[in-house]
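Asks: Before I ask anything, let me first share the structure, which is written out below as structure tokens.
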Amino acid sequence: MTIRHHLAGGPTLLMTGLKQLLSARENAVITQSESISGPIPDPGGTAPDYLWLEHPDSDWDALAGCRQLTQAFPGMKVIIFYDSKDPKTIKGFIQAGIAAYLLPSCTVGIIEEALRGMQAHTVYIDPRIRQHLADYLLDVNEKKNNGGALTRREKEVLRLIVEENTTQEIASKLYISSCTVETHRLHLIQKMGVKNTAGLVREALVRQLYAYP
Numbered sequence: 001m002t003i004r005h006h007l008a009g010g011p012t013l014l015m016t017g018l019k020q021l022l023s024a025r026e027n028a029v030i031t032q033s034e035s036i037s038g039p040i041p042d043p044g045g046t047a048p049d050y051l052w053l054e055h056p057d058s059d060w061d062a063l064a065g066c067r068q069l070t071q072a073f074p075g076m077k078v079i080i081f082y083d084s085k086d087p088k089t090i091k092g093f094i095q096a097g098i099a100a101y102l103l104p105s106c107t108v109g110i111i112e113e114a115l116r117g118m119q120a121h122t123v124y125i126d127p128r129i130r131q132h133l134a135d136y137l138l139d140v141n142e143k144k145n146n147g148g149a150l151t152r153r154e155k156e157v158l159r160l161i162v163e164e165n166t167t168q169e170i171a172s173k174l175y176i177s178s179c180t181v182e183t184h185r186l187h188l189i190q191k192m193g194v195k196n197t198a199g200l201v202r203e204a205l206v207r208q209l210y211a212y213p
């Protein structure tokens with residue numbers, strides 16, 4: 001099965017390295033354009049599976065652009081390299097429907113982890129800013145009042161995570177948005193003191209917060 005990647009951005013060191021990395025993957029077809037706001041090549045009659053955007057130092061509105069892209073091509077995963085750790089900015093991109101938010105200085109390991117996360121249909125956030133974002137999203141008053149105890153909704157999300165549901169499946173079952181699911185996931189990671197979804201599953205079993213039926 002062919003996996004189509006399109007890289008949008010200038011011939012920078014990041015884009016050059018990314019192209020080499022993706023080209024080495026099995027069944028990968030790579031296209032590239034220097035203009036981030038230009039047309040997306042459509043060699044197969046459909047949009048690419050992955051659109052990698054490097055935000056340029058220009059007046060291009062990345063947030064609005066990502067929102068337009070995800071609405072126009074709902075099956076396409078949009079990944080943006082953006083040099084901001086501002087929680088409000090990151091939350092805005094998540095709400096715009098991106099599949100991954102990465103810092104331009106990310107490592108090969110982070111990109112590969114992001115690909116695995118996107119294949120599992122989760123929104124991937126660069127681990128260097130994930131905790132910072134979780135702290136921002138967490139309701140401070142709730143944290144003070146209950147000492148970090150899980151809410152009813154967080155327990156529901158945790159149960160569905162352990163049962164290997166994707167972000168979209170959890171959103172559908174709980175009648176909430178994918179962005180809200182990812183917010184709960186970040187809350188759980190922060191409250192349970194783990195680094196990722198695998199850690200959540202491990203802790204849920206260790207703390208007996210979930211029992212297999």
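Each residue of the sequence shown is one higher than the one before, counting from 1 in UniProt numbering.
Glycine residues also receive a C-beta, built at the ideal position from the N, C-alpha and C atoms.
Note that the structure is predicted; figures quoted are calculated from it, not measured.
#1: Which residue comes first and which comes last in the beta strand (DSSP E) that contains I30?
#2: Residue range of the beta strand (DSSP E) that E54 falls in?
#3: Using 9 Å as the threshold, is the C-beta distance between V123 and I94 below it?
#4: For the segment 53–99, which segments carrying the alpha helix (DSSP H) assignment without a break, of at least 4 residues, lie completely within its bounds, in sequence order?
#5: Mind checking whether A8 and L63 have CB atoms under 9 Å apart?
#6: Out of curiosity, what's the CA-to-CA distance linking H121 and A114?
#7: The beta strand (DSSP E) spanning L7 covers which residue range?
#8: Please report the distance separating the alpha-carbon of L10 from that of T46.
#9: Give the straight-line distance between the Cα atoms of A171 and T183, rounded to the nearest whole angstrom.
#10: If distances are taken between C-alpha atoms only, which option among A72, N27, M15 and R185 comes closest to L133?
#11: Which two residues bound the contiguous alpha helix (DSSP H) that contains L22?
#12: My assumption, with CB atoms under 8 Å, is that residue 218 sits in contact with Y210. Please give the rounded CB distance.
#13: Identify, in the order they occur along the chain, each residue of the same chain with its Cβ nearer than 7 Å to the Cβ of L200, setting aside the five sequence neighbours on each side.
#14: Applying the 10 Å Cβ sphere with the 16-neighbour rule, what's the burial state of L205?
#15: Which of the three DSSP states, helix, strand or coil, is assigned to L200?
#16: From which residue to which residue does the alpha helix (DSSP H) around L150 run?
#17: Cα-Cα, which of V108, R152 and A100 is closest to I129?
#18: When DSSP labels each residue in this structure, what does I125 get in the three-state scheme?
#19: Tell me, to the nearest whole angstrom, how far the beta carbon of P48 is from that of T31; I am working on the premise that it is less than 8 Å.
Replies: Per the coordinate set shown:
#1: Note, I30: beta strand (DSSP E), A28 to S33.
#2: Looking at the DSSP string, the run of the beta strand (DSSP E) that includes E54 is Y50 to E54.
#3: Yes, these two residues count as a Cβ contact at 9 Å.
#4: Fully enclosed alpha helix (DSSP H) runs of 4 or longer: 62–72 and 87–95.
#5: Taking a C-beta distance under 9 Å as the contact criterion, A8 and L63 do not qualify as a contact pair.
#6: Our two residues, H121 and A114, have alpha carbons roughly 10 Å apart in a direct line.
#7: If you look at L7, you'll find it in the beta strand (DSSP E) that goes I3 to A8.
#8: Before going on, a small fix: residue 10 reads as Gly here, not Leu. Their backbone Cα atoms lie some 23 Å apart in a straight line.
#9: Taking the Cα positions, A171 is about 12 Å away from T183.
#10: Taking L133 as reference, the option from A72, N27, M15 and R185 with the minimal CA-CA separation is R185.
#11: Per DSSP, L22 belongs to the alpha helix (DSSP H) from L13 to S23.
#12: As shown, the chain starts at 1 and ends at 213. That puts residue 218 outside it, with no answer to give.
#13: Answer for L200: L158, I161, L188, I189, M192 and V194, listed in chain order.
#14: Burial is judged here by how many other beta carbons sit within 10 angstroms of a residue's own beta carbon; L205 has fewer than 16 and is exposed.
#15: Helix, per DSSP.
#16: For L150, there is no enclosing alpha helix (DSSP H), as DSSP marks it with neither H nor E.
#17: Minimum Cα distance to I129 is reached at A100.
#18: In this structure, I125 counts as strand in the three-state DSSP scheme.
#19: A Cβ-Cβ distance of about 7 Å is found for the pair P48 and T31, placing them in contact under the 8 Å criterion.
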